[in-house]
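Take the position in the sequence shown, starting the count at 1, then add 87; the result is the number in the working numbering.
We put the CB at the ideal spot given by N, CA and C, even for glycine.
What follows is a short report on a single structure.
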Amino acid sequence: MQNIEKIEEVSSMTTYRVKNPQKVYDVLTKLNLESRYFVVLINGKKVEPSDFVEKDDEILILPRIAGG
């Protein structure tokens, strides 16, 4: 994954940085993650899988939490 650099991993949260612009969906696919199971923040802002990540953006990937 030469275009995606892991910056930090704490518990179930992982932060990455991309080297080339690409869709959030494509980043998740390259990491073998299904978008329906994760929430993604770009530079601290929640985004959708169809949104673009720009060069040097920081991406935080969190598992979705459901419960009652």
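Under 8 Å between C-beta atoms of residue i and residue j
| i | j | result |
| --- | --- | --- |
| Lys93 | Tyr103 | yes |
| Tyr124 | Pro108 | no |
Residue i classed as buried or exposed, judged by whether at least 16 other C-beta atoms fall within 10 angstroms
| i | result |
| --- | --- |
| Ile148 | buried |
| Ile152 | exposed |
| Asn97 | For the sequence presented, residue 97 should be read as Val rather than Asn. Under this definition Val97 is an exposed residue. |
| Val126 | exposed |
Nonlocal neighbours in the same chain, by C-beta distance under 7 Å from residue i, ignoring five residues either side
| i | result |
| --- | --- |
| Asp143 | Arg104 |
Three-way DSSP call (helix, strand, coil) for residue i in this model
| i | result |
| --- | --- |
| Leu118 | coil |
| Arg123 | helix |
Neighbourhood of residue i by C-beta, 8 Å cutoff - its chain only, sequence neighbours within 5 removed
| i | result |
| --- | --- |
| Pro136 | Lys110, Val111, Tyr112, Leu115, Ser122, Val127 |
| Glu95 | Thr101, Thr102 |
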